[in-house]
Amino acid sequence: MLNRRDFIRRSLQAASLSAIGSLPVFDLVPQSFAADAVELAVRTGSDIPALVRETVAALGGMSRFVKAGETVVLKPNIGWDRTVELAANTHPQVVATVALLCLEAKAARVRIFDRTCNDPRRCYVQSGIAAAIEALDDKRVELEHIDRRGYQEILLKNGVALKKWEFYKPALTADRLINLPIAKDHSISVLTLGMKNIMGVIGGNRGVLHRNIDEALADINSVIHSDLTIIDATRILTANGPQGGSLDDVKRLDTLIASADIVAADSYAATLFGFRPEQIPTIVAGAKRGLGVMDLSKVKKV
Amino acid sequence: MNAKRRIDWHRLRQATQIACLLGFLWLFLQTEYRDADQLPYPVSLLFRIDPLAAVADALAPGPFSWEVLWPALLLLGLTVLFGRFFCGWICPLGTTLDGFGKVTGRGHTAVRPAWRRFKYLLLISLVVAALFGVQQIGLFDPLSIFLRTLTLTVYPVWNLLLNKLFDVAYTVELPLINETLFLFFRDNLMAFHQPIFTLALFTLLIFVGIILLEKVERRFWCKNVCPLGALLGLCSKYALIERRPDAVCSDCQRCATECRSGVVAGTYRKQECFLCLDCAGFCPHERVTFRVSANSPPTSIDLTRRHLVGAAACGALIAPTMLISPAQAKVNPYLIRPPGAVAEEEFLRRCIRCGECMKVCIGGALHPALAEAGVSGLWTPLLVARLGYCEYNCTLCGQVCPTGAIRELKVEPKRKEVIGLAVIDRNSCLPFARNEECLVCEEHCPTPKKAIIFEQRQIPVDGEMMSFKFPQVVKNLCIGCGICETKCPLQGRSAIRVVNEGESRQQQNELTTGGYG
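Each protein sequence line maps, in turn, to chains A and B.
Position one of the first sequence corresponds to residue 1 (the numbering used here), numbered consecutively onward.
Position one of the second sequence corresponds to residue 1001 (the numbering used here), numbered consecutively onward.
Below is the structure:
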C-alpha cells in the first residue's frame, strides 16, 4: 500500500515531470483515527530531558514513530527573538532531547527548522536552540535556516480556506515530521498549539491567513501531517502571546503532552489554559475535518 | 637607495594597496549580524581612520568622539610627517581607480594644473558650510563614496547574481556548483537576506562617473576633486619627505607623463604626491630617490587669498540657503531615523553618508534618503518600515556609526528608544474597512506590554451581529519599530504606518497627558 509520504513525493515528482507550470495537486484524505486507538501521554517533571524520555516512552517509545534510516523533521517553534524563560519558543532541551531520541531510534538524519517571525538568525540563537543542538555535536542533526528556494506551490483540491499555497518541500518530503510546539496565548486563534505551529513550514504572506485562520490551519495540517505532536508546556504563555516578553505572563507547568493525534494533543493542552477544546475554533475545525479527536473522553490516556 | 630596493618599493606599494582593499572588503563582509549581539570587529575602521569624518564630527555640536576617531587623528599626524601616502597606498577608492584604469583605459589629456586647486576650494567650502551648520562633506568623501557604492549597489548585485545562480543549481544538477559551495558562499560571502536599496542605480552612476574620469587623466578624481586628498595635501606641506631631483630632468621628462599624480610637471610638490614611488622605479637613469629628511623644505600650494575668500564665501552662502528650507522632520512625517540617532539638526551635521548603518541593519530597514530628509539629507539613513523593521533586540547601527550620528545604545535603552508612532488607517485596515479578522500587527508587536491592543466588538454584517477584533495603538507604549507596517498583510500600502511623532531624540515640551506641546 502506498503510504502518505510516498504519495506526497510522487505527487511532487509527477508535477515536475509534466508540462512546465503545472502544480502538484493534493486531495489528501486525513489519516483516519479510530477513536479508541488514540493515545495521549501527559507527564510532568522539572528535569526536561528525563520528562521528554518519559513522555515518549509512555506512547511506546520513539521507535513506534521513527524507523531506522529515516529522515525526520522536527518542527519546534523558534518564531521569536526571545530568551528561553519568556516562553515564546519551544524549550531547547525539548528539541535536543527529541533529536536524540530520533537518533536512538536509528534515524539517518534529523532536520530542524522553522520559518521565524523575527530575524531567523536572532531567533535561532536567542531561543537557545542553536546552542542546544550544537552541544549534541552530531552531524546527523541539523538546525538549518529555511532555504528560500525550497518552497513548492501546491493546489489543495479540498481546501476550504486555501486553494493554492507554498509549502516547504523538506517538510513535505521527510519520512517523518515531529511537531514540537509550545503552548501559548494567541489573539486570533485564542491559543497557538500543534496545528498553529505547522504555519512555520509554509511560505507566502502568512498574515492573510488570519482572515480565516481556523479553516486555513485545517487545510495546512491536512497537507502536512504530524506523525507525532509533543506540546511543550514546561512553561506556557498566558497573555501577550504569541511572543510575550514579560515574565509576568509566563506560567511554569513542567508538563509535556504527546500524541500521534494532533487534535487530541491540542485539545488536552487547551485545558491547561482553562478552556474546553470546543472553545478553540482551530481544534473544532481540525476535528471536523477528521484530523483527529477532540473529545478527550474518547482518548486513551497512557 | 640602490636599484634593487626601488623595484621592491613598487611591488610593496601594490601589495599594500591590494591588502588594504581586501582588508576593507573583509570588514565590509563582517558588517552583518553573525550570531552575536555585539560585533566582534571594528567593522567601520575605514571611517575611524577618515580625517573627513573627524572634521564632520569636530564641527558638529556636541563633544568630539575621541574614542572612535582617534585613528583619524593618527593618520593626520602621520600625514604631517610623511605626506599623502594614504592616497597612494591605502585609499580603497584610489586602489579601485588604479585597478579600473587598466580596464577602461586611461586618458592623457593635459588637464590644466590650475584644476588641482578645485579640491582645495571644495574642501574649504565644505568646511565653512559645516561651520555654518550644513555638513555635506559625506557627499564627496571618497571613503563614503566607496563604501556606500559597495553597500547600496555592488554587494546587492553580487548577491542577486549569486542567488540566481544557486536558484538554478537547486533544481538542475550543475558541475561544481553544489550545496557545499552554496553553503560556503552563503555563510561567508553573501548576505543572509538579499539586500535591496532605494537609490542603488543613482549611487552606482556617480561611482561609474568617477571611474570614467580616468579616461580624462589618471586619478582625475584624486588630483582635482577629492576633498580628503586636499585635506591630506594641506597637512603635507612640511612633510619630512624629500624627492630628488625636485623637478623634471630636461634630458628625459618621463616623470612628466608617467607620474600617476602628475606631480612632477614643473617642480615637485609634496601636497600633490601620492608617494607611490613608481618614479623611483621607472626612472631610466636611476636618478630618482625618496628619503625622509628633517630638512625637507616646505612646498607651496597654488592658492591665492582671493581663492580662499571665494571658497569660504561660497560655503558661507550655501549653508543658510540650505537652512531656510523647512525642517524635514516636521514636514515629512515619514522621516524615521534609526534608534539612537541624535536630534535632526545635529544628526545632519554628524552623518557622513557612509552607509555603514544601512549595511549592518539586520532587517534591511535603513535606506538612503533622496529628498525625504530635505536637500541637505541626501543619502542619510531612513527607516522604510514597509521594506523592513527595526529589530527589537538589535543595536547594530549604533555600533557601526563612526561619527556619533547614531549613538550606541545598549539593549535595554534601545528597547525604550522611541523612533516613531504607528498609526492605523481605518480606511484600509481589514477589520475596520472590510470586516475581516486580521490582528497581524498585534501579533508581531514586540513590546512586553503590547503597544497594539485590540477591542472585540459586535457589529452588524448583512443584518447579522458578528464579533470582530479591532486593533488600536497605545501611544505611550509604541516605540515606532515598524514591524507592524512591515508585516501588515495588505498588498501594497500598509494599513498601519509609522510616523515620526514623539521621537525620543527630539527635545519637546511634554504634556501631563503624555502628548507633546
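Idealized CB from N, CA, C, for every residue including glycine.
Proximal residues of chain B, C-beta to C-beta of residue i below 7 angstroms
{"i": "residue 121(A)", "result": "1033, 1035, 1192"}
{"i": "residue 208(A)", "result": "1489"}
{"i": "residue 125(A)", "result": "1035"}
{"i": "residue 205(A)", "result": "1489"}
Residue i burial status per 10 Å Cβ neighbour count (16 or more: buried)
{"i": "residue 1006(B)", "result": "Reliability of the predicted coordinates at residue 1006(B) is poor, the pLDDT of 47 falling under 50, and the value obtained from them is presented with this limitation in mind. The residue is buried, with at least 16 neighbouring Cβ atoms inside 10 Å."}
{"i": "residue 1003(B)", "result": "Caution is warranted here: a pLDDT of 48 is assigned to residue 1003(B), below 50, making its placement in the model unreliable, and the coordinate value is therefore given only provisionally. Under this definition residue 1003(B) is an exposed residue."}
{"i": "residue 165(A)", "result": "buried"}
{"i": "residue 268(A)", "result": "buried"}
{"i": "residue 1128(B)", "result": "buried"}
{"i": "residue 7(A)", "result": "exposed"}
{"i": "residue 1184(B)", "result": "exposed"}
{"i": "residue 1325(B)", "result": "exposed"}
{"i": "residue 1168(B)", "result": "exposed"}
{"i": "residue 69(A)", "result": "exposed"}
{"i": "residue 197(A)", "result": "buried"}
{"i": "residue 1041(B)", "result": "exposed"}
{"i": "residue 1285(B)", "result": "exposed"}
{"i": "residue 219(A)", "result": "buried"}
{"i": "residue 1115(B)", "result": "exposed"}
{"i": "residue 1063(B)", "result": "exposed"}
{"i": "residue 1217(B)", "result": "buried"}
{"i": "residue 1517(B)", "result": "For residue 1517(B), the pLDDT reaches just 45, beneath the cut-off of 50, and the residue's location in the model is therefore unreliable, leaving the point undetermined."}
{"i": "residue 1338(B)", "result": "buried"}
{"i": "residue 289(A)", "result": "buried"}
{"i": "residue 1090(B)", "result": "buried"}
{"i": "residue 1(A)", "result": "Interpretation of residue 1(A) is limited by its pLDDT of 44, a score under 50 that renders its predicted location unreliable; the figure taken from the coordinates is listed afterwards. So residue 1(A) ends up on the exposed side."}
{"i": "residue 1304(B)", "result": "exposed"}
{"i": "residue 11(A)", "result": "buried"}
{"i": "residue 1136(B)", "result": "buried"}
Which residues DSSP lists as bridging residue i, in chain order
{"i": "residue 300(A)", "result": "39(A)"}
{"i": "residue 239(A)", "result": "Note: residue 239(A) sits in no beta bridge, so no partner."}
{"i": "residue 1146(B)", "result": "In DSSP, residue 1146(B) forms no bridge with anything."}
{"i": "residue 192(A)", "result": "184(A)"}
{"i": "residue 1367(B)", "result": "1382(B)"}
{"i": "residue 1460(B)", "result": "1465(B)"}
{"i": "residue 1521(B)", "result": "Residue 1521(B) is absent from the model: chain B starts at 1001 and stops at 1517."}
{"i": "residue 232(A)", "result": "182(A), 256(A)"}
{"i": "residue 1064(B)", "result": "Answer is none; residue 1064(B) lacks a bridge partner."}
{"i": "residue 1244(B)", "result": "1289(B)"}
{"i": "residue 251(A)", "result": "236(A)"}
{"i": "residue 111(A)", "result": "73(A), 142(A)"}
{"i": "residue 1258(B)", "result": "In DSSP, residue 1258(B) forms no bridge with anything."}
Contacts that residue i makes with chain A (C-beta to C-beta distance below 8 angstroms)
{"i": "residue 1362(B)", "result": "119, 121, 122"}
{"i": "residue 1437(B)", "result": "188, 210, 211, 212, 213"}
{"i": "residue 1450(B)", "result": "240"}
Within chain B, the residues that residue i reaches when beta carbons sit closer than 9 angstroms
{"i": "residue 81(A)", "result": "1391, 1392, 1393, 1394, 1446"}
Interface residues of chain A facing residue i [CB-CB closer than 9 angstroms]
{"i": "residue 1442(B)", "result": "187, 188"}
{"i": "residue 1164(B)", "result": "The contacting residues do not exist; residue 1164(B) stays about 11 angstroms from chain A at best."}
{"i": "residue 1170(B)", "result": "147, 149, 150"}
Chain A residues whose Cβ lies nearer than 7 angstroms to that of residue i
{"i": "residue 1167(B)", "result": "149"}
{"i": "residue 1223(B)", "result": "Those within 7 angstroms of residue 1223(B) in chain A number zero; the least Cβ separation is about 44 angstroms."}
Under 8 angstroms (Cβ pairs) to chain B, residues found in the segment 169-203 of chain A: 186, 187, 188
Please specify which runs of the alpha helix (DSSP H), each continuous and at least 4 residues long, are wholly inside the segment 148-187 of chain A, giving them in chain order. 169-173
Proximal residues, the segment 1343-1359 of chain B versus chain A, C-beta separation under 9 angstroms: none
In chain order, what are the residue ranges of uninterrupted beta strand (DSSP E) at least 3 long that sit wholly in the segment 1464-1490 of chain B? 1464-1473
For the segment 1452-1475 of chain B, enumerate the residues whose C-beta is nearer than 8 angstroms to any C-beta of chain A, in chain order. 1454, 1469
Interface residues of the segment 137-151 of chain A facing chain B [CB-CB below 7 angstroms]: 149
Can you check the segment 1416-1448 of chain B for any beta strand (DSSP E) of at least 3 residues that lies completely inside it and give the ranges in chain order? 1421-1424
Beta carbons nearer than 7 angstroms to chain A: which residues of the segment 1178-1209 of chain B have them? 1192
Between the segment 228-245 of chain A and chain B, which residues of the former have a C-beta closer than 9 angstroms to a C-beta of the latter? 240, 241, 242, 243, 244, 245
Residue ranges of each alpha helix (DSSP H) within the segment 1197-1223 of chain B, 4 or longer: 1200-1212
Can you give, in chain order, each stretch of the alpha helix (DSSP H) that sits fully within the segment 1299-1358 of chain B and has at least 4 residues? 1305-1323, 1328-1331, 1344-1350
May I have a chain-ordered list of the alpha helix (DSSP H) segments no shorter than 4 residues that lie completely inside the segment 1085-1112 of chain B? 1092-1104
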